[in-house]
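See below for the structure under consideration.
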């Protein structure tokens, strides 16, 4: 019997499909089915065996639906802007465009050997100027729109009603304050050594992941997207989606709707502290206030006796990202400001503290602490020996009771149910002009700018305080060449180095281009729409094609995108829907999260502030940063020192503290990922066993949703 030659047979049919464009899709009279994968970032290492899991599943569905008589759209593209390509450019001096194009060719080669039925005529690349022209166009639609609370939708900024008593400058400020894309001063993670803003994920233990340099929180002007205007619609419309319940819960928690009251605690005749609480019924038990270290009143109210201690604490808090502050909640820290406020209901004087477990980005950046009925407040009060007053009666043995019950220690309200008293106290606060019933959302507006090179230029021109948008006819604003991909000394984007590009003359008036770029999320917010009409030069997609193909019937991708990508895509889509550019209020009808294929990771340990790496069993003697290392440089958890030093300029001068003349690495089993340097290449599997075998094996690992 002739041996089955899988490599010859698979290549024959893959070539046949490509030559005949077997999977090309056009509008016809069949029922449509739009199935899509979350497109990959084209890294230099190519695909690993974890990537095909979702691609194979979507391919099987696509083939099945074609056999059922559906007109199937199954495209693929590349999320090709982003930080990794820029970091590689900084290391090597190679232009990100060149390395990205090379990586895309490698990815396509691998995807084709897997036998996937993509319509490659619809390929998109977010870093292609023909693509990001329309990303910039959508940005301008957001910039030139506002949210009409009465209509509950976005409207063109020209429809905004402007108060008649405003002067010209005041009118411009009023308009800017309503735009869906606006500039604001926000606290960011700033690294002086790297000269740039870092995301929370790029900060570990108060230092940068790359280089181990100190990071502090400081205010900077940034472009921001007013996603908070869509909080309620983003919540409500989740009910209409066929998505995993865990993803819906993640989005609901991220949006974080809560009902309660804003209450004013007077500090003196001029100043008051506004707090948001979901439990105004416990106000008689509010025995102290806590302000976020960034709260604007901290400096003003802190007394001289406590100033040095408070200043030191505020600085230390600025070295932590919000993510770290939330993760370290159990180890609560804080200092007393020396100031007091008046409880507006009990009229008791309560001390004012500052602590980093309170975040300036949530609520008002201040809380009334009720330690008898809130676990975080209870832990803080016990640690600092603060007063604890129980105001809700209960028969449990819990020291901190968070449930419902009868009021006690609440004056004439004793004996009332706390649910009843909640209504009474809100009315009382409103009558005294000391509070108001409020709905609050945890969701914050989306910080949209990056001090990076490899991203979409923002199509805005500046002249002093004046801002104008680039004419749509002048799009795309194309990325220029720059001498260095590092940020400038003052923290500006590398684009600021190209003075010829930044300077724009319009009728004799000199404008400066916006030099910050968009985040990687921007291009992925709308790529499912460009697949519909990727070569259209007049529109991001033709209306007829949008009306035929949308919404996406099946979207497959990782649960790690549960919040940011999916939430941002929904937000942009709703704006486009409001403005009449798309026919559905939601982009993705059904979502499936494939599980993760796990890998064995290795770690090295860099002593903070140095280029010295300490072996695993000696690390506890030092203050270190834990870093993933490429598993191909490790054998039996021993690091190949010479290969490691040759692997990157960053490691060329590395020094090591060894044990028994060896560098021992740590290890963990975790998600297989290029960022974790623990990947297995599918090419070796396919060359030995064939694509069909790999496809079959991955599908028979278990249910697609399980890891």
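Residue numbers (the working numbering): 1 to 707. Virtual Cβ for every residue (Gly too), placed ideally from N, Cα, C.
Residue range of the alpha helix (DSSP H) that includes residue i
i, result
"residue 84", "83 to 92"
"residue 19", "6 to 20"
"residue 357", "Residue 357 -> no alpha helix (DSSP H), and no H or E assigned at all."
"residue 283", "Here residue 283 belongs to no alpha helix (DSSP H), and DSSP marks it neither H nor E."
"residue 696", "691 to 699"
"residue 140", "129 to 143"
"residue 527", "527 to 530"
Secondary structure of residue i, DSSP reduced to three states
i, result
"residue 457", "strand"
"residue 511", "strand"
"residue 304", "helix"
"residue 562", "coil"
"residue 419", "helix"
"residue 77", "coil"
"residue 52", "helix"
"residue 629", "strand"
"residue 208", "strand"
"residue 663", "coil"
"residue 37", "strand"
"residue 57", "helix"
"residue 481", "coil"
"residue 446", "strand"
"residue 262", "strand"
"residue 579", "coil"
"residue 683", "helix"
Endpoints, the beta strand (DSSP E) within which residue i is located
i, result
"residue 99", "Per DSSP, residue 99 belongs to no beta strand (DSSP E); it is in the alpha helix (DSSP H), 96 to 113."
"residue 593", "591 to 594"
"residue 503", "503 to 506"
"residue 612", "612 to 614"
"residue 276", "272 to 277"
"residue 353", "349 to 354"
"residue 235", "Here residue 235 belongs to no beta strand (DSSP E); instead the alpha helix (DSSP H) covers 231 to 236."
"residue 388", "Unbroken run through residue 388: none, as it is neither H nor E."
"residue 219", "216 to 225"
"residue 184", "181 to 191"
"residue 154", "153 to 156"
Beta-carbon spacing of residue i, residue j below 9 Å
i, j, result
"residue 73", "residue 581", "no"
"residue 298", "residue 283", "no"
"residue 354", "residue 455", "no"
"residue 127", "residue 81", "yes"
"residue 366", "residue 257", "no"
"residue 358", "residue 291", "yes"
"residue 267", "residue 306", "no"
"residue 183", "residue 221", "yes"
"residue 572", "residue 138", "yes"
"residue 622", "residue 641", "no"
"residue 25", "residue 554", "no"
"residue 718", "residue 528", "There is simply no residue 718 to check, as the chain begins at 1 and stops at 707 in what is shown."
"residue 130", "residue 476", "yes"
"residue 228", "residue 443", "yes"
"residue 79", "residue 42", "yes"
"residue 665", "residue 616", "yes"
"residue 234", "residue 247", "no"
"residue 513", "residue 457", "yes"
"residue 650", "residue 610", "no"
"residue 147", "residue 40", "no"
"residue 778", "residue 154", "Residue 778 lies beyond the stretch modelled for the chain, which goes from 1 to 707, so this question has no answer here."
"residue 763", "residue 603", "With the chain covering only 1 through 707, there is no way to say anything about residue 763."
Contacts around residue i, its chain only, beta-carbon distance under 7 Å, and the 5 residues preceding and following it disregarded
i, result
"residue 23", "17, 74, 117, 118 and 119"
"residue 54", "37, 556, 557 and 594"
"residue 370", "279, 282, 285, 286 and 377"
"residue 95", "89"
Chain-order list of residues whose beta-carbon lies under 6 Å from that of residue i (same chain, five-residue window excluded)
i, result
"residue 685", "694"
"residue 191", "198, 208, 213 and 215"
"residue 122", "75, 531 and 534"
"residue 278", "258 and 260"
For residue j and residue i, believed in contact at Cβ under 8 Å, the rounded distance
i, j, result
"residue 614", "residue 657", "4 Å"
"residue 351", "residue 265", "No, residue 351 and residue 265 are not in contact; Cβ-Cβ is about 11 Å, not under 8 Å."
"residue 469", "residue 144", "7 Å"
"residue 34", "residue 574", "Residue 34 to residue 574, Cβ: 19 Å. No contact."
"residue 708", "residue 189", "There is no way to answer for residue 708, as the model of the chain reaches only from 1 to 707."
CB contact check: residue i to chain B, cutoff 9 Å
i, result
"residue 627", "Among the protein chains of the structure shown there is no chain B, as only one such chain exists."
Own chain partners of residue i with C-beta closer than 8 Å, once the 5 adjacent residues on each side are dropped
i, result
"residue 509", "463"
"residue 373", "279, 282, 285, 390, 391, 392, 400, 401 and 402"
"residue 733", "Nothing can be reported for residue 733, as the shown portion of the chain is limited to 1 through 707."
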